[in-house]
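Numbered by this note's numbering, the letters in the sequence shown go through residues 1 to 184 in order. Notes follow once the structure below has been shown.
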Amino acid sequence: MVWRGPMVSGAVMQLLQQTLWDELDYLIIDMPPGTGDVQMGLAKMLPQAEMVVVTTPALAAQKVAVRVANMGRANYLRIVGVVENMSTYVAPDGSRHDLFGAGGGESLANEVGAPLLANIPLDGAVAGGGDTGQPVALGEGPASDAYQALADRIVNEAAPPVDMAGCSARLLAAAEDALEASGA
Numbered sequence: 001m002v003w004r005g006p007m008v009s010g011a012v013m014q015l016l017q018q019t020l021w022d023e024l025d026y027l028i029i030d031m032p033p034g035t036g037d038v039q040m041g042l043a044k045m046l047p048q049a050e051m052v053v054v055t056t057p058a059l060a061a062q063k064v065a066v067r068v069a070n071m072g073r074a075n076y077l078r079i080v081g082v083v084e085n086m087s088t089y090v091a092p093d094g095s096r097h098d099l100f101g102a103g104g105g106e107s108l109a110n111e112v113g114a115p116l117l118a119n120i121p122l123d124g125a126v127a128g129g130g131d132t133g134q135p136v137a138l139g140e141g142p143a144s145d146a147y148q149a150l151a152d153r154i155v156n157e158a159a160p161p162v163d164m165a166g167c168s169a170r171l172l173a174a175a176e177d178a179l180e181a182s183g184a
């Protein structure tokens, strides 16, 4: 079955609206790159959402990620940080190889004014863990260490969990910033 944009958007919205969510500290929605219907619909449906923008070292990926960040900002979403995925390959002997370039995450972070949260290395254990259902973050090795450090930075620095009063305060601050920016 091939789903087009409106069908995917409808399914995502149905999932969010009809699922009985318990108390959540985080709801992480992993989106494909781009600024399509689903991304724009989520930005409007979840105005208190915050974004982690993911890129690779490749310039083409950075260009897409900048558009994603701009779409988020246009919808008053806070960008909590940038993650560079497939950052470097760590060989079994410990040597590091930048197969897709270097510095793309840092460059993007500077361009969008957000911190670089992590450089996730290119590691076969990530794909292997996905295939077997064993999250690489629960294992050992460079990718595991990077994912654990990323989670720690998000929870303790970039986007600590807040209660609903905190969410309301963030939404109010975003609205005030928007009014100030518009000159109203």
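Beta carbons: idealized from backbone N, C-alpha and C, even for Gly.
Runs of 3 residues minimum, wholly inside the segment 39-106: which ones carry the beta strand (DSSP E) assignment?
50-55, 78-84
Between the Cα of Gly41 and the Cα atoms of Leu16, Glu176, Asp25, which residue gives the shortest distance?
Its Cα nearest to that of Gly41, the residue Leu16 stands out among Leu16, Glu176, Asp25.
For the segment 124-135 against the segment 49-64, are there 3 or more C-beta pairs whose distance is under 8 Å?
no
Could you spell out the range, first to last residue, of the beta strand (DSSP E) harbouring Ala185?
It is not possible to answer for residue 185, since the shown part of the chain is limited to 1 through 184.
Could you pull out every residue in the same chain whose Cβ sits closer than 8 Å to the Cβ of Val68, ignoring the five residues on either side in sequence?
Pro33, Gly34, Thr35, Gln39, Met51, Val53
Over the uninterrupted alpha helix (DSSP H) stretch that includes Asp145, give me the two end residues.
142-153
Inter-residue spacing [alpha-carbon to alpha-carbon] between Ala173 and Arg78:
11 Å
Three-state secondary structure (DSSP) of Arg15:
A small fix is needed here, since residue 15 is Leu in this sequence, not Arg. If DSSP states are grouped into helix, strand and coil, Leu15 belongs with the helices.
On the three-state DSSP scale, how would you describe Leu122?
strand
Gln62: buried (16+ other C-beta within 10 angstroms of its C-beta) or exposed?
buried
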